[in-house]
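Number of protein chains: 2
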Amino acid sequence: MSQPSDPSGWATGRLLSTAARLAEHAWDAHLAHWGLNHAGFAVLHLLSGAPRSQRELAQAMQVEDQTMSRVLERLERHGQVSRARSTHDRRRVEVSLTDAGRTAMVEAEADDAAERMLGDVVPDRAELRAALVALIEDLSARRWSQPG
Amino acid sequence: MSQPSDPSGWATGRLLSTAARLAEHAWDAHLAHWGLNHAGFAVLHLLSGAPRSQRELAQAMQVEDQTMSRVLERLERHGQVSRARSTHDRRRVEVSLTDAGRTAMVEAEADDAAERMLGDVVPDRAELRAALVALIEDLSARRWSQPG
DNA sequence: GCAGGACGTTCAGCCTGCTGACCATTCGAC
DNA sequence: GTCGAATGGTCAGCAGGCTGAACGTCCTGC
Numbered sequence: 013m014s015q016p017s018d019p020s021g022w023a024t025g026r027l028l029s030t031a032a033r034l035a036e037h038a039w040d041a042h043l044a045h046w047g048l049n050h051a052g053f054a055v056l057h058l059l060s061g062a063p064r065s066q067r068e069l070a071q072a073m074q075v076e077d078q079t080m081s082r083v084l085e086r087l088e089r090h091g092q093v094s095r096a097r098s099t100h101d102r103r104r105v106e107v108s109l110t111d112a113g114r115t116a117m118v119e120a121e122a123d124d125a126a127e128r129m130l131g132d133v134v135p136d137r138a139e140l141r142a143a144l145v146a147l148i149e150d151l152s153a154r155r156w157s158q159p160g
Numbered sequence: 013m014s015q016p017s018d019p020s021g022w023a024t025g026r027l028l029s030t031a032a033r034l035a036e037h038a039w040d041a042h043l044a045h046w047g048l049n050h051a052g053f054a055v056l057h058l059l060s061g062a063p064r065s066q067r068e069l070a071q072a073m074q075v076e077d078q079t080m081s082r083v084l085e086r087l088e089r090h091g092q093v094s095r096a097r098s099t100h101d102r103r104r105v106e107v108s109l110t111d112a113g114r115t116a117m118v119e120a121e122a123d124d125a126a127e128r129m130l131g132d133v134v135p136d137r138a139e140l141r142a143a144l145v146a147l148i149e150d151l152s153a154r155r156w157s158q159p160g
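Protein chains in written order, with this note's numbering: chain A, 13 to 160; chain B, 13 to 160.
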């Protein structure tokens, strides 16, 4: 595999996708030490406060319910999360961290090599982050057309 | 689905992934009118100059050969691309645009709503693009560790 | 109390990405 | 010429996205 041939000419959408894929790849390589990937790690992080329902997790991650269902199935299979039908509302599934899941999350977070790596690369990272946040808020609003 | 809950606190990797997914989603919705998606469209664009081998396309897209193979299979199934074993080197597969593929590409490109949409959102887009290009060049170099 | 709608989750199927393994062809050294 | 390495593609299988459709549960209005 070779260097990209002049990415400065690419469409912005392609720049975004490529950058995201490369960042995910680097991050996944780091998280693999704890049997995690980027999706699973973010979910564990969300659960560190308190148990949540699957739909709450999906909304927090800006992902469809079906997608979250499969991410959780994998996390459960790896023993990092446990799922139990709610007693108050038997439609809901309460998802909580297991001890193994909490340990993995804490350790992976402490050694946050991926974020540091990105920090090395982009000097003025606040600018990039601000632009991405604006983009996300706008595109997200268009997609799910919810006021404010 | 709801608005993201304060993306400004997210890790940069998650910002990138989310922004990329939202942008792809918007772009795919646009390209669906011509039976395309973001991956297929980019390939057709690369082929607009001259036929290429699959590996050349994979390298240009910064994607693994196997991934490109399946994208092309889909494009061929939809009649937008044709594949033929090279007569000079029978390992290679020469990929070229069909008339239908060229028409779809030209029409989709002319009505480039996605790019215009991104233009509306991010005021200082040159900054964002420059940061993304720097990120891609660095992460890509780390991943495939090629000098220069 | 019951019927219909809303809600939360899952199933099936598609697409793009990845890795690992395999096959055919070509090239190069001997 | 032959054998082994390099090259170009494909197959199998996994993962995270998506859509559309189904299912059980809850709620609400009558």
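Ideal Cβ positions, reconstructed from N, Cα and C, are used throughout, including at glycine.
Neighbour list for residue i in chain B, Cβ cutoff strictly below 7 Å
i: Ala54 (chain A); result: Arg26
i: Ser20 (chain A); result: Val145
is_contact[residue i, chain B] using C-beta, thresh 8 Å
i: Arg82 (chain A); result: no
i: Glu139 (chain A); result: yes
i: Gln66 (chain A); result: no
i: Arg155 (chain A); result: yes
Contact test: residue i Cβ vs the ligand ADP heavy atom, cutoff 7 Å
i: Gln66 (chain B); result: With respect to small molecules bound, the structure shown includes none, and the ligand ADP cannot be examined in it.
Assigned exposure category for residue i - 16 Cβ within 10 Å defines buried
i: Ala44 (chain B); result: exposed
i: Gln183 (chain A); result: With chain A covering 13 to 160 only, the question about residue 183 (chain A) has no answer from this structure.
i: Val145 (chain B); result: buried
i: Pro19 (chain B); result: buried
Neighbouring residues, chain A, relative to residue i (Cβ below 8 Å)
i: Trp39 (chain B); result: Gly25
8 Å Cβ cutoff, residue i in contact with chain A
i: Thr30 (chain B); result: yes
i: Ser152 (chain B); result: yes
i: Pro63 (chain B); result: no
i: Glu36 (chain B); result: yes
Residue from the options whose Cα sits closest to the Cα of residue i
i: Val83 (chain B); options: B:Ser17, B:His37, B:Arg137, B:Ala54; result: B:Ala54
i: Ala116 (chain A); options: A:Val145, A:Gln92, A:Arg102; result: A:Gln92
i: Asp111 (chain A); options: A:Ser98, A:Ser94, A:Ala120, A:Ala153; result: A:Ser94
i: Arg97 (chain A); options: A:Asp123, A:Gln66, A:Trp39, A:Arg114; result: A:Gln66
i: Glu68 (chain B); options: B:Ala122, B:Asp18, B:Leu48, B:Glu106; result: B:Glu106
i: Met73 (chain B); options: A:Arg137, A:Ala23, A:Gln74; result: A:Ala23
i: His50 (chain B); options: A:Leu144, A:Leu140, A:Leu28; result: A:Leu28
i: Leu56 (chain A); options: A:Arg155, A:Ala41, A:Leu87, A:Ala138; result: A:Leu87
i: Arg154 (chain B); options: A:Asp18, A:Gly21, A:Trp39; result: A:Trp39
i: Glu76 (chain B); options: A:Arg141, A:Ala41, A:Arg114, A:Leu34; result: A:Leu34
i: Glu85 (chain B); options: B:His100, B:Val118, B:Leu48, B:Ala31; result: B:Leu48
i: Gly113 (chain A); options: A:Asp18, A:Gly52, A:Glu149; result: A:Gly52
i: Asp123 (chain A); options: A:Leu140, A:Leu109, A:Trp46, A:Arg141; result: A:Trp46
Rounded separation between residue i and residue j - CA only
i: His90 (chain B); j: Leu151 (chain A); result: 29 Å
i: Glu121 (chain A); j: Leu59 (chain A); result: 14 Å
i: Ala138 (chain B); j: Arg103 (chain A); result: 48 Å
i: Ala62 (chain B); j: Ala143 (chain B); result: 31 Å
i: His42 (chain B); j: Arg26 (chain A); result: 15 Å
i: His37 (chain B); j: Thr30 (chain B); result: 11 Å
i: Gly21 (chain B); j: Gln71 (chain A); result: 16 Å
i: Ser81 (chain A); j: Ile148 (chain A); result: 23 Å
i: Ser108 (chain A); j: Asp101 (chain A); result: 16 Å
i: Ser17 (chain A); j: Thr99 (chain B); result: 27 Å
i: Arg64 (chain A); j: Arg141 (chain B); result: 37 Å
i: Ser14 (chain B); j: Ala32 (chain B); result: A caution first: Ser14 (chain B) carries a pLDDT of 47, below 50, which makes its placement in the model too unreliable to give a value.
i: Val118 (chain B); j: Glu119 (chain A); result: 50 Å
Residues that residue i contacts on chain B, provided the C-beta gap is smaller than 8 Å
i: His50 (chain A); result: Gly25, Arg26, Ser29
i: Arg104 (chain A); result: Near Arg104 (chain A) there are no residues of chain B at all, since even the closest Cβ is about 17 Å away, more than 8 Å.
Partners in chain B for residue i, counting only beta-carbon separations shorter than 9 Å
i: Leu69 (chain A); result: Within chain B, no residue comes near Leu69 (chain A); the closest Cβ sits about 12 Å away, beyond 9 Å.
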